[in-house]
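Numbers in my numbering are just positions in the sequence shown, counted from 1, shifted up by 105.
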Amino acid sequence: MFPEAFVQEHLAASPHRGVVFDPFCGRGTTVFQALLEGREAAGCDVNPVAACVSGAKCDPPSQRQVEKRLMNLQDGFRGTRKSVWEGEHSEFFQLCFHRDTLPQVLYLRSVLNWRRNKVDRFIAALCLGALHGGSHRSPSYFSNRMPRTISTKPNYSVGWWQRNGYKPPQRDVFQILERITAYRFQTPPPELAGQVKEVDVRKAGQAFRKLKGRVSDVITSPPYLNTTNYREDQWLRLWFLGNDRPLTSCTGGDDRHHSEGIYWAFLQFAWAGIAPLLSQQVRFVIRVGSRQQNKDVLREGLVQSLTQGLNRPVNLVNEGLSSKIVNTQANAFRGSKVSQLTEHDFLFTA
Ligand SMILES: C[S@@+](CC[C@H](N)C(=O)[O-])C[C@H]1O[C@@H](n2cnc3c(N)ncnc32)[C@H](O)[C@@H]1O
């Protein structure tokens, strides 16, 4: 993950004014920051959680539209027979959400048309942010205590809640959503809207036909070899977005990259996927991290994969700082088996 300042700094240093693109956009930091700076920007991510959150951020509806839809959803929920939302739920769901909160979560999960409607996408993104977290510290989380950044697995969570006697808090989801909507709109969104698509980077050329030949700045952070499994770590949020089997071994395009060879081949195809979008001169800012590969290996892998994937000469212009990532919340929950992650920044022109 990188902060807004990272994007800001690289945009300020760029001589180009074309479209800014992030093919692995995650939370949408690149696209959002570029829009704030008045640049046309777009991005894609294969993970529905990333696409929903960054899409909502980069192309939000108006506050009035959100408030109206929230009232309409609340009426819809009240008008639905209670029995529809009651019934058998696994031990995980009974312990994760209070018995008055779970029906609201289930209702929103079933009616929000987040892939087709941007008001619903915005509300779904708010729900994803509030779905789980440290609810003993904040009244804005729907769930029993959980980390905010990753969804712990069902059996682990149930055991932890039971051992510690933690009970789910009684939360009114609609009240929380009204509150966080007001909070979100305190800061005005960017004047420009950016397009974020739920697309595999390898198909970005077809998905963003209107951007053909117009991208001059790519600022991105590809998935790291052997690091996070985004689908596993976000399984409860993926469930909320409609995925009924989020914990299966299927990776849905976010290949696990367990072999170095497969990893670099994947990146080569990724760069080939965005090649049709690129203008004649492009700057690539790439932050990449690894637990095993050192900076030389990463630099070499990036140069090779870019040159072959783009099918044009690539120059390494600059190497930025390397930073060790020690205390991530995800690491804390995975125990000390996990080796240290180091991130490196590279700047290329092509
Ligand atoms: C290191 S994260 C990017 C983080 C981002 N820079 C941020 O600040 O939030 C890598 C992202 O690549 C996405 N990803 C993995 N495989 C992909 C693929 N085949 N196509 C598009 N996105 C993919 C993951 O879902 C993840 O969100």
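For glycine and all other residues, C-beta sits at the position ideal for the given N, C-alpha and C. Quantities reported herein were computed from a predicted structural model and do not represent experimental measurements.
Residues in its own chain within less than 8 Å of F198 by CB, not counting five upstream and five downstream?
L207
Spatial neighbours of L346 within its chain, please: CB distance less than 7 Å, with the 5 preceding and 5 following residues excluded, ordered by chain position.
P153, V154, C157, W219 and A229
N436 versus N260: straight-line alpha-carbon distance, rounded:
For N436, the predicted model reports a pLDDT of 45, less than 50, meaning its position is unreliable; a value from the coordinates is still stated below. If you take the alpha carbons of N436 and N260, they lie about 19 Å apart.
Quick one: give me the first and last residue of the beta strand (DSSP E) that C201 is part of.
Element bounds for C201: not the beta strand (DSSP E) but the alpha helix (DSSP H), E196 to C201.
Assigned secondary structure, A375 (DSSP; H/G/I helix, E/B strand, else coil):
helix
So what's K302 in DSSP terms, helix, strand or just coil?
strand
Which class does A230 belong to by DSSP, given the choice of helix, strand or coil?
helix
If distances are taken between C-alpha atoms only, which option among R268, V278, N249 and A139 comes closest to L178?
V278
How is S321 classed by DSSP in three states: helix, strand or coil?
strand
Could you tell me if D401 is buried or exposed, where buried requires 16 or more neighbouring beta carbons within 10 angstroms of its beta carbon?
exposed
Taking C-beta to C-beta, are V320 and F389 nearer than 7 Å?
no
Cβ neighbours of S441 in the same chain (closer than 8 Å, five flanking residues each side left out):
Confidence in S441 is poor, its pLDDT being 44 and thus under 50, which makes the residue's placement unreliable; the coordinate value appears in the next sentence. So no residue of the chain qualifies.
Nearest to W340 (by Cα), restricted to the options V306, R289, K258 and F313:
K258
W266 to S245, Cα distance in whole Å?
19 Å
Using CA atoms only, rank isn't needed, just tell me which of N420, R250 and P166 is closest to E296.
P166
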